[in-house]
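What follows is a single structure, written as structure tokens, with notes after it.
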Amino acid sequence: MSNYHTTPDGNGNWQVKKEGAKHTSGNFDTQKEAMDYGKELAKKTKGEHFIHGRDGRIRERDSYGNDPCPPRG
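Going left to right, the sequence shown walks through residues 1 to 73 as the UniProt record's numbering numbers them.
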């Protein structure tokens with residue numbers, strides 16, 4: 001299970017980065033392109049995808065793993 005973050009790259013573009021990685025998994029011109037790629041990676045690894053806004057704050061979070069049902073807490 002790996003978690004991926006879609007974030008602004010500081011140069012007006014977007015990046016997808018695996019949690020804890022030093023390098024990005026991909027760089028994109030639009031947030032939509034980055035979101036689609038991050039979603040694909042998170043689904044493959046049954047992880048989570050965190051989508052950050054331009055301010056850096058998490059605005060969306062999607063889980064593709066085995067969530068407990070009903071959710072805890």
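Backbone N, C-alpha and C define an ideal beta-carbon position, used for all residues, glycine too.
Counting the other Cβ atoms within 10 Å of the Cβ of H23 gives fewer than 16, which makes it exposed. Taking each of R57, G65 and K39 in turn and checking the Cα distance to K46, the smallest one comes out for G65. Straight through space, the alpha carbons of D55 and L41 are spaced by roughly 23 Å. Remark: C-beta atoms of H49 and D62 approach each other more closely than 9 Å. Within the same chain, H5, T6, T7, P8, I58 and R59 come within 8 Å of H52 by CB-CB distance, once the 5 residues on both sides are set aside.
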